[in-house]
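Undergrad:
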Amino acid sequence: MMQIGLPLETWSDDPPPEKIVGYISVESAKSVFNDEEHSLEGPLDAYYAPKDLRDTVRRDLEGTGFEILAESQLGLSVSAPPQAYEELTGGSVVTKERLQYAEENCIRYVTHVDIVGDKQPAALGVARTKSDSTKIDGVVLEKPRMFNAVFPSPVPPNTSKFHLRVPDDVAFLLHAKPAHQAGQRGKGVLVAMPDSGQYRHPFFTAHGYHLKTPITVVPGTSRSKDPVGHGSGESANIFAVAPECVLQAIRASNDSGDLVGAVAAFLKAKELNPRIITNSWGGDGPFPPAGSPDASDLAFAAEIKDAIAQNILVIFSAGNGQFSVEPQVPGVLAAGGVFVTPSGSLTASNYSSGYKSPWFDGVNVPTVSGLVGMLPRAQYLMLPIPPGCMIDKDESHPDLPDDPTTDGTTGNDGWALFSGTSAAAPQLAGAAAVLIGAKPNLTPPQVIQALTATAIDVVTGHCNPRFNSPAGVGPDLATGAGLINVAAALNFVQNNF
Amino acid sequence: MANDYIELFLKWAPGANQADVESWLKQHQLSSAKMIEGLLLSGTKAAIENAFSVSLDNLQPPAELPVPSELKPHVASITLPKPRSYYP
């Protein structure tokens, strides 16, 4: 159980709990606490304590602050404050952090309670009494103790790499804060998100965000798991912009994390009749394409158009260099990327796709943009994910030869730096939720009109080199209409619809 | 099925008897959901290979699967779509 640079055991800053549950072994012919005893060979009778001895020990313990929880022929299960254990053993009750497998199959420090002192054994959580007259041959403290800690932390870790935090930085840069201050936070607007799954990270709990119980469409998979971390992390972008919306996550991944149920998840999303479906995924194919969309592309495009016809706003990521049918479907809000530099200037993200649709007349991808990082890895937003998931591990390691750096977090801390147009789509979903929350009768075309008419024009940079479309004055193929401005879009719908 | 789930698109032929097709799919351990132009089929790799007498390992998606003779009057095409992935 080794992690690079981390000792197996370290001291804890947590105080001992007010009550400690433990086990008291009563003296008998043989003892597992004897240094020569290393197995339980032979009949167990030799370890049984005589009843009169157990009764004596019980009375003595009850008289010194112990509560008896249960009794067997070998000993007693007890509960007592740390001081009672210290009085019994002559040692000191302390807490220690030990590295071990914990929840979500991740290795982390877990808080244990131990009794230390000159005559105490080295084994963690094991103690001897200070006097032989107690008729007790050993004390064992309950393990492990996971008190006084929420894991993973709801607060993002610090890292030296330039990045933005959710919710505040994203809300600030997309001008969502004035809308929030005006009372428009997307209250009750249902957003469906087919993706890798949704882990109920303490970040979401701490902020009071409304996550409906996730749904899974791949048989045999757990609705509460997200093996990749993509859905969990990117969903934080929705709440950054619309903190009072309602998220219905739909897991479309198998246990390996592959996105095998995307179409089924999209159909399930439609069934739920949400106001918005946000999709941070798609396919890829040659650009320019050799011919028309294939039959499977058209079949799925028909489903997307049907959702829009049902008054559902459908958002798809433009892609991170990919070329795919989904963001090109007429009526879809295609999410591109704008990078806000450390000095606050705006430039087109060279990570995001941008092109004129060769398949659908008059369609440009993207429509408008959210916040997206730059090549090589777009490590830009600190997002909450399941500890030890694929993204947690991947982003905390170099991606050679393209990127020798890491995101500065550990591979099992439940946080990672990433973005992509996967982040832009849920940001746009949050913006749309704010508008729909303010004006519930808005149609998808009206939402798109408001977001594009009020976007901040981005005039520098190029999109992904595969397409290499330049940003310029007015709408362009690099960022669409530019970076969304939630407050301005809200003002637009309040004045025009 | 958690690691072995595959989706296919089925497109109806004109005048298809949809109930017959859905019954055939059920017999072959395949699930179906209605789409605008047909059905979304799903099942394990083994069930799909058995139902359509193909080896999926030999196909480069998007790829059309052979339509079994029992389904030919009702089904125009069965397609294995391109794989989709996240855009982080």
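Chains A and B, in that order, are what the protein sequence lines are.
Numbered according to the numbering used here, the first sequence terminates at residue 486, and the numbering increases by one at each position without gaps.
Numbered according to the numbering used here, the second sequence terminates at residue 129, and the numbering increases by one at each position without gaps.
For glycine and all other residues, C-beta sits at the position ideal for the given N, C-alpha and C.
(1) Quick one: which chain B residues come within Cβ less than 9 Å of Ser120/A?
(2) Let me know if Val139/A comes out buried or exposed under the rule of 16 or more other beta-carbons within 10 Å of its beta-carbon.
(3) Relative to the C-alpha of Ser1/A, which candidate in Glu75/A, Val82/A, Val159/A has its C-alpha closest?
(4) Does the pairing of the segment 458 to 471 of chain A with the segment 202 to 209 of chain A give three or more beta-carbon distances under 8 Å?
(5) Less than 8 Å between CB atoms is the rule here; does Ser94/B satisfy it with respect to chain A?
(6) Using a C-beta cutoff of 8 Å, does Gly79/B count as contacting chain C?
(7) Output the distance between the C-alpha atoms of Pro434/A and Gly320/A, rounded to the nearest integer angstrom.
(8) If the cut is a Cβ gap below 7 Å, which residues of chain B does Pro263/A touch?
(9) Taking the DSSP output, what are the residues bridged to Asp388/A?
(10) Taking Phe50/B as part of the beta strand (DSSP E), name the residues at either end of that continuous run.
(11) Roughly how many whole angstroms lie between the Cα atoms of Asp283/A and Pro103/B?
(12) Taking the CB atoms as reference points, tell me whether Pro375/A and Asn226/A lie closer together than 8 Å.
(13) Note down, in chain order, all residues in the segment 52 to 81 of chain B with a beta-carbon under 9 Å from any beta-carbon belonging to chain A.
(14) Alpha carbon to alpha carbon, how far is Gly246/A from Leu417/A? Give it in angstroms, no decimals.
(15) Which residues in the same chain as Ala477/A place their Cβ atom closer than 7 Å to its Cβ, once the five residues preceding and following it in sequence are excluded?
(16) What residues in its chain sit with their C-beta under 7 Å from that of Asp383/A, if we drop five residues either side in the sequence?
(17) May I ask which residues mark the beginning and end of the beta strand (DSSP E) holding Tyr74/A?
(18) From Lys8/A to Pro71/A, what does the alpha carbon distance come to, in whole angstroms?
(19) Chain B partners of Asn147/A, CB-CB under 8 Å?
(20) Return the residue from the list Thr210/A, Gly106/A, Ala253/A that minimises the CA-CA distance to Ser72/B.
(21) How many whole angstroms separate the CB atoms of Val447/A and Thr336/A, which I take to be in contact at a CB cut-off of 8 Å?
(22) Identify the residues that DSSP records as bridge partners of Met363/A: which are they?
(23) Kindly indicate which three-state DSSP category Met379/A falls into: helix, strand or coil?
(24) Counting contacts by CB-CB distance shorter than 8 Å, is Pro107/B in contact with chain A?
(25) Take the Cβ of Tyr90/A as the centre, count every other Cβ of all protein chains shown within 10 Å, and call the residue buried at 16 or more, exposed below.
(26) Does chain B have any CB closer than 8 Å to the CB of Ile380/A?
(27) Cβ closer than 8 Å: which chain A residues qualify as neighbours of Ile47/B?
(28) Within the same chain, show all residues whose beta-carbon is closer than 8 Å to that of Leu97/B, passing over the 5 residues directly before and after it, in chain order.
(29) Per DSSP, what kind of secondary structure is Thr267/A in: helix, strand or coil?
(30) Can you pull the chain B residues whose beta carbon is under 7 Å from the beta carbon of Trp270/A, in chain order?
TA: Put simply:
(1) Start at 1 with the first residue of the first sequence, and residue 120/A comes out as number 131. Ordered by position in chain B, no residue passes the 9 Å Cβ test against Ser120/A, which lies about 57 Å from the chain.
(2) As a position in the first sequence, residue 139/A is number 150, starting the count at 1. Here Val139/A scores only 44 on pLDDT, less than 50, and its place in the model should not be relied on; the value that follows carries that caveat. It is exposed - the Cβ of Val139/A has fewer than 16 other Cβ atoms within 10 Å.
(3) Translated into positions along the first sequence, residue 1/A becomes position 12. Residue Val82/A is the option with its Cα nearest to Ser1/A.
(4) No, because fewer than three Cβ pairs between the segment 458 to 471 of chain A and the segment 202 to 209 of chain A fall closer than 8 Å, the two stretches do not touch.
(5) For the purposes of this step, residue 94/B is taken as residue 53 along the second sequence, with counting starting at 1. Chain A places no beta carbon closer than 8 Å to that of Ser94/B, leaving this residue out of the contacts.
(6) No chain C is present in this structure, whose protein chains are A and B.
(7) Translated into the one-based positions of the first sequence, residue 434/A becomes position 445. Translated into the one-based positions of the first sequence, residue 320/A becomes position 331. Roughly 7 Å between the two C-alpha positions.
(8) Here residue 263/A refers to the residue found at position 274 when the first sequence is read from its first residue. Going along chain B, no residue has its Cβ under 7 Å from Pro263/A, so there is no contact; the nearest lies around 18 Å.
(9) Walking along the first sequence from the start, residue 388/A turns up at place 399. Asp392/A.
(10) On the second sequence, residue 50/B is found 9 positions in, with the first residue counted as 1. Here the beta strand (DSSP E) through Phe50/B covers 46 to 53.
(11) Locating residue 283/A in the first sequence gives position 294, where the first residue counts as 1. Locating residue 103/B in the second sequence gives position 62, where the first residue counts as 1. Each residue's Cα considered, the two are about 8 Å apart.
(12) Here residue 375/A refers to the residue found at position 386 of the first sequence. Here residue 226/A refers to the residue found at position 237 of the first sequence. No; because the gap between Cβ atoms is not below 8 Å, this pair is not in contact.
(13) Listed by position, the residues of the segment 52 to 81 of chain B near chain A (Cβ gap below 9 Å) are Lys52, Ser72, Ala74, Lys75, Met76, Ile77, Glu78, Gly79, Leu81.
(14) Along the first sequence, read from residue 1 onward, the residue named residue 417/A stands at position 428. Along the first sequence, read from residue 1 onward, the residue named residue 246/A stands at position 257. Straight-line Cα distance between these residues: approximately 25 Å.
(15) Sequence index remark: in the first sequence, residue 477/A carries index 488 (1-based). Short of 7 Å from the beta carbon of Ala477/A, and not among the five residues preceding or following it, lie these beta carbons of its own chain, in chain order: His164, Thr443.
(16) Sequence index remark: in the first sequence, residue 383/A carries index 394 (1-based). Taken in chain order, the list of residues that qualify is empty.
(17) Working through the first sequence from its first residue, we reach residue 74/A at position 85. Run containing Tyr74/A: none in the beta strand (DSSP E); it sits in the alpha helix (DSSP H), 71 to 78.
(18) For the purposes of this step, residue 8/A is taken as residue 19 along the first sequence, with counting starting at 1. For the purposes of this step, residue 71/A is taken as residue 82 along the first sequence, with counting starting at 1. Answer to the nearest angstrom: the Cα atoms are 7 Å apart.
(19) Sequence index remark: in the first sequence, residue 147/A carries index 158 (1-based). Contact note: Asn147/A does not reach chain B at a C-beta cutoff of 8 Å; the least C-beta distance is about 22 Å.
(20) Along the second sequence, read from residue 1 onward, the residue named residue 72/B stands at position 31. When each option's Cα is compared against that of Ser72/B, the closest is Ala253/A.
(21) Here residue 447/A is taken as the residue at index 458 of the first sequence, counted from 1. Here residue 336/A is taken as the residue at index 347 of the first sequence, counted from 1. Thr336/A and Val447/A do touch by the CB rule: their CB atoms are close to 7 Å apart, below 8 Å.
(22) Start at 1 with the first residue of the first sequence, and residue 363/A comes out as number 374. Per DSSP, none; premise fails for Met363/A.
(23) Reading the first sequence from its first residue, position 390 is the one you call residue 379/A. Looking at Met379/A - three-state DSSP - the assignment turns out to be helix.
(24) Walking along the second sequence from the start, residue 107/B turns up at place 66. No - not a single Cβ of chain A is within 8 Å of the one on Pro107/B.
(25) Position 101 of the first sequence, counted from the start, is the residue given in the question as residue 90/A. Burial call: exposed.
(26) Looking up residue 380/A in the first sequence gives position 391. Cβ-Cβ to chain B under 8 Å: yes for Ile380/A.
(27) Along the second sequence, one-based indexing puts residue 47/B at 6. Here the neighbours are Val249.
(28) As a first step, residue 97/B must be located in the second sequence, where it is residue number 56. For Leu97/B, same chain residues with a beta-carbon under 8 Å away, outside a window of 5 residues either side, are Ile47, Lys86, Ile89, Glu90, Leu121 in chain order.
(29) Position 278 of the first sequence, counting from 1, holds the residue named residue 267/A. The three-state reading of DSSP puts Thr267/A in strand, counting E and B together.
(30) Walking along the first sequence from the start, residue 270/A turns up at place 281. For Trp270/A, the chain B residues whose Cβ falls inside 7 Å of its Cβ are Arg125, Ser126, Tyr127, Tyr128, in order along the chain.
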